[in-house]
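S.K.: Line by line, the protein sequences are chains B and C. Residues 0 to 196 (numbering that gives the first Met the number 0) are what the first sequence spells out, left to right. Residues 0 to 196 (numbering that gives the first Met the number 0) are what the second sequence spells out, left to right. Cβ atoms here follow ideal geometry from the backbone N, Cα and C, with glycine treated the same way. Small disclaimer: the values here were computed from a predicted structure and weren't measured.
Number of protein chains: 2
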Amino acid sequence: MNTRIQRRNRRLILDAALDVFSAHGFRGATLDAIARQAGLSKPNLLYYFDSKEAIHRALLDDLLETWLEPLRAIDPAGEPAAEIMAYMRHKLRMARDYPRESRLFANEILQGAPRLSDFIASELRALVEDRARLIAAWVAQGRLAPVDPMHLIFSIWALTQHYADFDAQIRLIRPQGDPMQGAEAFLTTLYNRLLAP
Amino acid sequence: MNTRIQRRNRRLILDAALDVFSAHGFRGATLDAIARQAGLSKPNLLYYFDSKEAIHRALLDDLLETWLEPLRAIDPAGEPAAEIMAYMRHKLRMARDYPRESRLFANEILQGAPRLSDFIASELRALVEDRARLIAAWVAQGRLAPVDPMHLIFSIWALTQHYADFDAQIRLIRPQGDPMQGAEAFLTTLYNRLLAP
DNA sequence: ACCAGAGTTGACCAACCAGTCAAGATTCTT
DNA sequence: AAGAATCTTGACTGGTTGGTCAACTCTGGT
Numbered sequence: 000m001n002t003r004i005q006r007r008n009r010r011l012i013l014d015a016a017l018d019v020f021s022a023h024g025f026r027g028a029t030l031d032a033i034a035r036q037a038g039l040s041k042p043n044l045l046y047y048f049d050s051k052e053a054i055h056r057a058l059l060d061d062l063l064e065t066w067l068e069p070l071r072a073i074d075p076a077g078e079p080a081a082e083i084m085a086y087m088r089h090k091l092r093m094a095r096d097y098p099r100e101s102r103l104f105a106n107e108i109l110q111g112a113p114r115l116s117d118f119i120a121s122e123l124r125a126l127v128e129d130r131a132r133l134i135a136a137w138v139a140q141g142r143l144a145p146v147d148p149m150h151l152i153f154s155i156w157a158l159t160q161h162y163a164d165f166d167a168q169i170r171l172i173r174p175q176g177d178p179m180q181g182a183e184a185f186l187t188t189l190y191n192r193l194l195a196p
Numbered sequence: 000m001n002t003r004i005q006r007r008n009r010r011l012i013l014d015a016a017l018d019v020f021s022a023h024g025f026r027g028a029t030l031d032a033i034a035r036q037a038g039l040s041k042p043n044l045l046y047y048f049d050s051k052e053a054i055h056r057a058l059l060d061d062l063l064e065t066w067l068e069p070l071r072a073i074d075p076a077g078e079p080a081a082e083i084m085a086y087m088r089h090k091l092r093m094a095r096d097y098p099r100e101s102r103l104f105a106n107e108i109l110q111g112a113p114r115l116s117d118f119i120a121s122e123l124r125a126l127v128e129d130r131a132r133l134i135a136a137w138v139a140q141g142r143l144a145p146v147d148p149m150h151l152i153f154s155i156w157a158l159t160q161h162y163a164d165f166d167a168q169i170r171l172i173r174p175q176g177d178p179m180q181g182a183e184a185f186l187t188t189l190y191n192r193l194l195a196p
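1) Please state whether the Cβ-Cβ distance between E107/C and R99/C is less than 8 Å.
2) Which of the three DSSP states is assigned to P69/B in this structure?
3) Residues in the stretch 112-143 of chain B with C-beta within 7 Å of chain C's C-beta atoms, listed in sequence order?
4) For Q160/B, count neighbouring Cβ atoms within 10 angstroms of its own Cβ and tell me buried if that reaches 16, exposed if not.
5) Mapping the DSSP letters down to three states, classify L143/C as helix, strand or coil.
6) Roughly how far, in whole angstroms, is the beta-carbon of A125/C from the beta-carbon of I119/C, given that I think they are within contact range, below 8 Å?
7) Taking only beta-carbon positions, decide if F185/C is within less than 8 Å of chain B.
8) Please return the same chain residues whose Cβ sits closer than 8 Å to the Cβ of K90/C, not counting the five positions on each side in sequence.
9) When you compare each of R142/B, Q180/B, R95/B, F20/B to A57/B by their alpha carbons, which one comes out closest?
10) Give the list of continuous alpha helix (DSSP H) stretches no shorter than 4 residues that lie fully inside the stretch 9-68 of chain B.
11) Would you report the Cα separation of R7/C and Y97/C, rounded to the nearest angstrom?
12) With respect to the alpha helix (DSSP H) encompassing I83/B, which residues constitute its N-terminal and C-terminal limits?
13) According to DSSP, is R102/B part of a helix, a strand, or is it coil?
14) Excluding sequence positions up to five away, which residues of its chain have a Cβ less than 6 Å from the Cβ of K51/C?
15) If you check the beta carbons only, do D74/C and E82/C fall under 8 Å apart?
16) Looking at the C-beta of V146/C, does it have a partner C-beta in chain B at a distance below 8 Å?
17) Closest by CA to A136/C, which one among A163/C, R170/C, A76/C?
18) Tell me whether the stretch 8-17 of chain B and the stretch 34-49 of chain B touch, counting them as touching only if at least three CB pairs, one residue from each stretch, are closer than 8 Å.
19) Going by C-alpha distance, which of A22/C, I33/C, I54/C, R170/C is nearest A105/C?
20) Between the C-alpha atoms of A85/C and P42/C, what's the straight-line distance to the nearest angstrom?
21) Give the C-beta separation of V127/B and I172/C to the nearest angstrom, bearing in mind that I take them to be a contact with Cβ-Cβ under 8 Å.
22) Within the continuous alpha helix (DSSP H) that includes S218/B, where are the two ends?
23) What residue does the alpha helix (DSSP H) around L186/B start on, and which one ends it?
24) Out of curiosity, what's the CA-to-CA distance linking L186/C and S40/B?
25) In its own chain, which residues sit with a C-beta less than 7 Å from the C-beta of Q175/B, not counting the 5 before and 5 after it?
26) Are R59/C and L193/B closer than 8 Å when you measure CB to CB?
27) My assumption, with CB atoms under 8 Å, is that Y162/C sits in contact with I169/C. Please give the rounded CB distance.
28) Would you mind telling me which residues of chain B sit closer than 9 Å to N106/C, beta carbon to beta carbon, in chain order?
29) Which one of Q110/C, L123/C, A80/C, D61/C has the shortest CA to CA distance from L189/C?
30) Cα-Cα, which of F165/C, M149/C, G24/C, E78/C is closest to R142/C?
31) Does the beta carbon of G27/B come closer than 8 Å to any beta carbon on chain C?
32) Check R132/C in the structure and name its three-state DSSP category.
33) Let me see if you follow: with CB-CB separation under 8 Å, is S50/C close to chain B or not?
34) With DSSP as the reference, label A120/C as helix, strand or coil.
35) If we cut at 8 Å on Cβ distances, does R55/C have a partner in chain B?
36) Mind checking Q5/B: buried by the 16 CB within 10 Å criterion, or exposed?
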């Protein structure tokens with residue numbers, strides 16, 4: 000039927016909710032704040048989503064596929080260092096272009112991952128283990144310097160997401176200019192030196 | 000006068016508050032939860048601290064000195080790579096031994112650093128700029144490989160705090176054994192290869 | 001043993017919270 | 001133009017929250 004208004008309002012709500020949830024965490028966010036940000040009334044929010052929980056759930060569901068994709072895109076047939084470098088750059092670009100999503104995820108993990116433990120313990124874990132095996136094979140073939148594959152993956156997550164999650168801190172320490180200026184060059188150097196066999 | 004009961008209860012409250020604030024953020028934490036965790040009544044909490052805000056403030060004040068100290072301890076007269084490596088190991092040990100403090104800090108930054116902007120923009124910023132100049136001088140003398148000093152410091156923060164802040168994720172991905180197993184070896188390798196001139 | 005001050009708490013309050021509902025406004029279809 | 005379906009919201013509810021207060025108990029010094 001009339002899906003134009005529905006689509007527009009759902010998008011307004013999810014966009015506002017991403018602002019509020021990523022800035023305050025689940026418990027710290029309020030429906031009033033989301034409604035105000037979306038320019039809708041609170042009962043109207045609950046006309047489109049069953050509950051506060053359901054809005055949050057919808058945001059996470061949107062996010063999770065996006066989160067897996069770059070890691071999945073590492074090509075076993077590619078050149079090892081180049082593949083890992085491309086993964087790092089992909090994650091860094093995501094931190095720059097989708098900082099709210101990164102902070103939503105970080106808030107969730109920081110608070111014990113209550114709503115993500117299923118996803119992490121099943122899909123993400125399986126994918127990480129698979130990619131770790133691939134990297135271990137590359138190391139065994141002498142095509143990468145010897146590194147612990149799991150820690151290598153964690154390091155890429157830590158270094159790239161840091162620019163989104165700790166953006167407030169970086170801006171206060173380097174008030175002039177773009178907080179991410181030089182980040183890609185620095186990380187490229189770092190992983191070039193780490194991975195060269 | 001009688002400071003024994005006061006000291007004991009203040010410590011109980013701050014310890015419980017650290018649990019609750021680090022797990023839920025400021026807005027997500029409740030005085031009831033802190034009181035329950037501390038084994039005291041809610042009015043009793045407010046006998047020792049003026050408000051929820053005051054408890055949080057007290058935790059942050061305790062934390063901030065501890066946060067600066069390792070960075071301050073980098074010795075301009077020392078051997079460059081060894082000094083930076085020692086700093087990294089110091090931060091990693093703090094992430095292992097004081098994960099709640101790390102998460103309290105992370106929650107605060109993630110939510111825009113509303114209560115830390117003064118500290119970051121003044122004391123932390125001045126110290127970071129000073130240490131960045133020191134590292135830049137070491138690079139200029141050819142005693143370190145050329146790296147952006149600011150990004151080097153950020154990378155140490157990101158990589159070490161990640162093990163505390165994203166502990167829940169790491170545990171779910173590697174359920175067997177200590178989440179920090181191998182972390183020190185990995186980071187030592189990483190910074191050895193990055194910094195060798 | 002006494003009491004002044006320190007420590008403690010049940011009962012309470014006003015503000016805020018997620019969520020409901022019935023009634024009204026708008027839009028779509030014919 | 002009109003009826004049906006969709007969309008919107010003011011007013012409300014029951015529960016939670018930070019914080020208050022008067023009354024109570026406990027402790028240490030004499």
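M.R.: Taking the structure as given:
1) Reading the second sequence from its first residue, position 108 is the one you call residue 107/C. Reading the second sequence from its first residue, position 100 is the one you call residue 99/C. No.
2) For this step, residue 69/B is matched to residue 70 along the first sequence. Looking at P69/B - three-state DSSP - the assignment turns out to be helix.
3) A112, S116, I119, A120, L123, R124, V127
4) The residue you call residue 160/B lines up with position 161 of the first sequence. Burial call: buried.
5) Within the second sequence, the letter at position 144 stands for residue 143/C. L143/C falls in the coil class under three-state DSSP.
6) The residue labelled residue 125/C in the question sits at position 126 within the second sequence. The residue labelled residue 119/C in the question sits at position 120 within the second sequence. The pair is not a contact, with the Cβ atoms about 10 Å apart (cut-off 8 Å).
7) For the purposes of this step, residue 185/C is taken as residue 186 along the second sequence, with counting starting at 1. So, interface residue.
8) One-based indexing of the second sequence puts residue 90/C at position 91. Correct list, in chain order: P69, I155, W156, T159, Q160.
9) The count along the first sequence starts at 1 and reaches residue 57/B at position 58. Taking only the C-alpha atoms, the option nearest A57/B is F20/B.
10) 30-37, 41-47
11) The residue given as residue 7/C occupies position 8 in the second sequence. The residue given as residue 97/C occupies position 98 in the second sequence. Computed Cα separation, rounded: 20 Å.
12) As a first step, residue 83/B is located in the first sequence; it is residue number 84 there, counting from the start. Start and end: 79-96.
13) Translated into positions along the first sequence, residue 102/B becomes position 103. The answer is helix: DSSP assigns R102/B an H, G or I state.
14) Here residue 51/C refers to the residue found at position 52 of the second sequence. If we look at K51/C and ignore the five residues flanking it on each side, its Cβ neighbours are L30.
15) Walking along the second sequence from the start, residue 74/C turns up at place 75. Walking along the second sequence from the start, residue 82/C turns up at place 83. Contact: yes.
16) Here residue 146/C is taken as the residue at index 147 of the second sequence, counted from 1. Chain B, which has a Cβ nearer than 8 Å to the Cβ of V146/C, makes this yes.
17) As a working note, residue 136/C is residue 137 in the second sequence. The residue with the shortest Cα to Cα distance from A136/C is A76/C.
18) yes
19) To locate residue 105/C, count along the second sequence from 1; it is residue 106. It is A22/C.
20) Here residue 85/C corresponds to residue number 86 of the second sequence, with the count starting at 1. Here residue 42/C corresponds to residue number 43 of the second sequence, with the count starting at 1. So the alpha carbons of these two residues sit roughly 45 Å apart.
21) Within the first sequence, residue 127/B is the residue found at index 128, counting from 1. Within the second sequence, residue 172/C is the residue found at index 173, counting from 1. Contact holds; Cβ gap of about 5 Å.
22) Nothing can be reported for residue 218/B, as the shown portion of chain B is limited to 0 through 196.
23) For the purposes of this step, residue 186/B is identified with residue 187 of the first sequence, where counting begins at 1. Per DSSP, L186/B belongs to the alpha helix (DSSP H) from 182-194.
24) If you number the second sequence from 1, residue 186/C lands on position 187. If you number the first sequence from 1, residue 40/B lands on position 41. Cα to Cα, the separation comes out at about 50 Å.
25) To locate residue 175/B, count along the first sequence from 1; it is residue 176. So no residue of the chain qualifies.
26) Working through the second sequence from its first residue, we reach residue 59/C at position 60. Working through the first sequence from its first residue, we reach residue 193/B at position 194. Here residue 59/C turns out to be Leu, not Arg, going by the sequence shown. No, they are not a contact pair.
27) What you label residue 162/C is simply residue 163 of the second sequence in a count that begins at 1. What you label residue 169/C is simply residue 170 of the second sequence in a count that begins at 1. Sure, about 7 Å apart at Cβ, within 8 Å.
28) Counting from 1 along the second sequence, the entry for residue 106/C is found at position 107. Near N106/C (Cβ distances below 9 Å), the residues of chain B are G24, N106, L109, Q110.
29) Walking along the second sequence from the start, residue 189/C turns up at place 190. The shortest C-alpha separation from L189/C is found at A80/C.
30) The residue labelled residue 142/C in the question sits at position 143 within the second sequence. Among F165/C, M149/C, G24/C, E78/C, the Cα nearest to that of R142/C is on E78/C.
31) Mapped onto the first sequence, residue 27/B falls at position 28. It does; some Cβ of chain C falls within 8 Å.
32) Position 133 of the second sequence, counted from the first residue, corresponds to residue 132/C. Helix at R132/C.
33) Translated into positions along the second sequence, residue 50/C becomes position 51. Not one chain B Cβ lies under 8 Å of S50/C.
34) Against the second sequence, residue 120/C aligns to sequence position 121. It is helical.
35) Position 56 of the second sequence, counted from the start, is the residue given in the question as residue 55/C. As written in the sequence, residue 55/C is His, which differs from the Arg given in the question. Output row for H55/C: interface = no.
36) Within the first sequence, residue 5/B is the residue found at index 6, counting from 1. Label assigned to Q5/B: exposed.
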